[in-house]
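J.: So that we are looking at the same thing, I have put the structure below in structure tokens.
Residue numbers (this note's numbering): 3 to 391.
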């Protein structure tokens with residue numbers, strides 16, 4: 003089987019390589035098409051992509067046609083991407099198109115489908131939910147993309163419900179809703195097998211001080227690293243000794259450094275920068291107690307699962323990321339909004355319930371094995387391919 007992936011995030015979101023390489027091991031021939039904007043990524047990110055995909059012998063087409071105006075001029079963007087794709091890829095040689103988001107990727111898959119009748123599946127991500135709110139006039143087109151897709155993949159139960167509420171709850175007829183339900187699948191991202199092969203079961207009991215926390219994420223606005231820093235400040239003001247390790251880099255690096263100085267938290271916050279070495283990251287997880295990422299618009303957040311394999315309860319934002327996979331207070335606490343006070347309270351609650359939550363994290367993280375997830379994709383791929391015959 004030959005699959006064309008349309009994925010504007012393949013450079014930044016490295017877990018996709020694990021997905022593609024796992025599919026390759028199952029005999030799926032793949033090409034990844036990735037539009038990007040010049041100056042959007044640094045040299046090290048490009049080096050990683052070219053070297054990693056070449057090593058896996060997976061073809062990736064990097065197309066520098068994305069511009070700052072694409073977000074506002076959506077229809078023109080989709081036509082541009084589709085036109086460039088058709089000019090550079092032999093579309094009719096593929097059995098299936100896998101679009102890895104609804105708007106930016108799904109629109110291209112839909113336009114290609116209309117011309118070549120190549121079936122496609124489409125994933126719905128948190129950025130798509132943001133699009134539904136910011137650009138409601140595009141929602142009818144989004145419904146068309148979903149209606150003509152062979153299957154729709156949601157990374158979490160929360161995203162499925164949010165998409166339904168915005169697109170179908172009051173506007174579509176019963177047959178549309180029934181079709182939507184039949185073709186909808188909830189499939190999580192998987193965690194790299196390295197983490198499941200190195201599960202850590204030796205976390206000590208609860209109520210330890212200082213409370214050692216870690217956030218692993220890009221330093222950008224939606225990750226709410228400043229909220230995490232302010233929660234540390236609140237706890238310190240209450241006389242509760244804490245330490246936060248921030249792993250990652252991004253556009254808010256200088257802002258976060260200034261915030262740490264402003265709050266006089268230089269002794270309580272360590273910023274490591276981006277870490278690619280899994281062994282070093284493993285050691286940081288193991289010397290931490292709680293993982294925090296109150297990120298807004300998080301599609302999945304694989305870092306949550308990495309931390310859970312090391313027995314770390316998590317603090318996240320309710321309705322985003324992995325929150326829909328777990329019951330209340332099962333593996334941590336998902337707060338209702340990104341508020342430093344709520345995060346600080348969640349940290350204290352976890353510290354009191356630590357042992358039970360830590361054990362739950364170890365058990366629940368095993369669900370996110372790539373092998374089981376890949377099998378689900380293969381069933382979908384094969385069902386669609388067989389239905390063409």
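Note that CB positions come from ideal geometry on N, CA and C, so glycine has one too.
Report the rounded CA-to-CA distance for residue 202 versus residue 284, giving the unit in angstroms.
T.: Along the chain shown, one-based indexing puts residue 202 at 200. Along the chain shown, one-based indexing puts residue 284 at 282. Whole-angstrom Cα-Cα distance: 9 Å.
J.: Determine, using beta carbons only, whether residue 61 and residue 36 come nearer to each other than 8 Å.
T.: Taking the chain shown and counting its residues from 1, one reaches residue 61 at position 59. Taking the chain shown and counting its residues from 1, one reaches residue 36 at position 34. Taking 8 Å as the Cβ cut-off, residue 61 and residue 36 do not qualify as a contacting pair.
J.: Hey, could you find the ends of the alpha helix (DSSP H) residue 294 is sitting in?
T.: Here the question's residue 294 lines up with position 292 in the chain shown. It is not in any alpha helix (DSSP H) - residue 294 instead sits in the beta strand (DSSP E) that spans 292–294.
J.: Based on Cα-Cα distance, which residue from 338, 200, 389 lies nearest to residue 313?
T.: For the purposes of this step, residue 313 is taken as the residue at position 311 of the chain shown. Measuring from the Cα of residue 313, the nearest candidate turns out to be 200.
J.: Expressed to the nearest angstrom, what Euclidean distance is found between the alpha-carbon atoms of residue 275 and residue 267?
T.: Within the chain shown, residue 275 is the residue found at index 273, counting from 1. Within the chain shown, residue 267 is the residue found at index 265, counting from 1. Cα to Cα, the separation comes out at about 17 Å.
J.: Using only the alpha-carbon positions, how far apart do residue 322 and residue 92 sit?
T.: Taking the first residue of the chain shown as 1, we reach residue 322 at position 320. Taking the first residue of the chain shown as 1, we reach residue 92 at position 90. Going from the Cα of residue 322 to the Cα of residue 92 covers about 37 Å.
J.: Following the continuous beta strand (DSSP E) through residue 187, name the residue where it begins and the one where it ends.
T.: Residue 187 sits at position 185 when you count from the first residue of the chain shown. 186–188 is the extent of the beta strand (DSSP E) around residue 187.
J.: How big is the Cα-Cα spacing for residue 8 and residue 107?
T.: Taking the first residue of the chain shown as position 1, residue 8 is located at position 6. Taking the first residue of the chain shown as position 1, residue 107 is located at position 105. Each residue's Cα considered, the two are about 6 Å apart.
J.: When burial is assigned at 16 or more other CB atoms within 10 Å of the CB, is residue 117 buried or exposed?
T.: One-based indexing of the chain shown puts residue 117 at position 115. Exposed is the call here.
J.: Use the C-beta contact count for residue 66: other C-beta atoms within 10 angstroms, 16 or more gives buried, fewer gives exposed.
T.: Taking the first residue of the chain shown as position 1, residue 66 is located at position 64. Classification of residue 66: exposed, given that the 10 Å Cβ count is below 16.
J.: Do the CB positions of residue 20 and residue 194 come within less than 8 Å of each other?
T.: Residue mapping note: residue 20 aligns to position 18 of the chain shown, counting from 1. Residue mapping note: residue 194 aligns to position 192 of the chain shown, counting from 1. Contact flag set, yes.
J.: Quick one: grab the DSSP three-state call for residue 316.
T.: Stepping through the chain shown from its first residue, residue 316 is reached at position 314. Residue 316 falls in the strand class under three-state DSSP.
J.: Look at the alpha carbon of residue 286 and the alpha carbon of residue 43, and state the distance between them as a whole number of angstroms.
T.: Sequence index remark: in the chain shown, residue 286 carries index 284 (1-based). Sequence index remark: in the chain shown, residue 43 carries index 41 (1-based). Straight-line Cα distance between these residues: approximately 26 Å.
J.: Whose CA, out of 388, 333, 369, 179, lies closest to the CA of residue 352?
T.: The residue given as residue 352 occupies position 350 in the chain shown. The shortest C-alpha separation from residue 352 is found at 333.
J.: Would you say the beta carbon of residue 226 is closer than 7 Å to some non-hydrogen atom of the ligand MG?
T.: Absence of the ligand MG from the depicted structure is noted, as is the absence of any ligand whatsoever, leaving it without description.
J.: I need the straight-line Cα distance from residue 229 to residue 289, nearest angstrom please.
T.: The count along the chain shown starts at 1 and reaches residue 229 at position 227. The count along the chain shown starts at 1 and reaches residue 289 at position 287. Rounded to the nearest whole angstrom, the C-alpha separation of residue 229 and residue 289 is 22 Å.
J.: Of all the options 113, 263, 302, 84, which has the alpha carbon lying nearest to the alpha carbon of residue 18?
T.: For this step, residue 18 is matched to residue 16 along the chain shown. Of 113, 263, 302, 84, the smallest CA-CA separation from residue 18 is found for 302.
J.: Buried or exposed: where does residue 343 fall if 16 or more other Cβ atoms within 10 Å of its Cβ makes it buried?
T.: For the purposes of this step, residue 343 is taken as the residue at position 341 of the chain shown. Classification of residue 343: exposed, given that the 10 Å Cβ count is below 16.
J.: Hey, how far is the Cα of residue 75 from the Cα of residue 38?
T.: Residue numbering aside, residue 75 sits at position 73 when the chain shown is read from its first letter. Residue numbering aside, residue 38 sits at position 36 when the chain shown is read from its first letter. Spanning the two alpha carbons is a distance of roughly 16 Å.
J.: Is there contact between the stretch 360–379 and the stretch 256–263, where contact requires at least three CB pairs shorter than 8 Å?
T.: Pairwise C-beta distances place the stretch 360–379 out of contact with the stretch 256–263, as fewer than three of them are shorter than 8 Å.
J.: Can you give me the C-alpha to C-alpha distance between residue 149 and residue 99, rounded to a whole angstrom?
T.: For the purposes of this step, residue 149 is taken as residue 147 along the chain shown, with counting starting at 1. For the purposes of this step, residue 99 is taken as residue 97 along the chain shown, with counting starting at 1. Residue 99 has its alpha-carbon roughly 15 Å from the corresponding atom of residue 149.
J.: Work out the CA separation of residue 315 and residue 234 for me, nearest whole Å.
T.: Mapped onto the chain shown, residue 234 falls at position 232. Mapped onto the chain shown, residue 315 falls at position 313. So the two alpha carbons sit approximately 17 Å from each other.
J.: Check residue 155 in the structure and name its three-state DSSP category.
T.: Residue numbering aside, residue 155 sits at position 153 when the chain shown is read from its first letter. Strand, per DSSP.
J.: Among 140, 63, 156, 59, whose alpha-carbon lies nearest the alpha-carbon of residue 326?
T.: In the chain shown, residue 326 corresponds to position 324, counting from 1. Among 140, 63, 156, 59, the Cα nearest to that of residue 326 is on 156.
J.: Quick one: grab the DSSP three-state call for residue 11.
T.: Start at 1 with the first residue of the chain shown, and residue 11 comes out as number 9. Coil at residue 11, not helix or strand.
J.: Closest to residue 296 by CA distance: which of 355, 361, 363, 218 is it?
T.: For the purposes of this step, residue 296 is taken as the residue at position 294 of the chain shown. Ranking 355, 361, 363, 218 by Cα distance to residue 296 puts 218 first.
J.: I need the DSSP call for residue 65, collapsed to helix, strand or coil.
T.: Position 63 of the chain shown, counted from the first residue, corresponds to residue 65. If DSSP states are grouped into helix, strand and coil, residue 65 belongs with the strands.
J.: Of all the alpha helix (DSSP H) runs that stay within the bounds of the stretch 182–257, which reach a length of 4 or more residues?
T.: 195–199, 227–239
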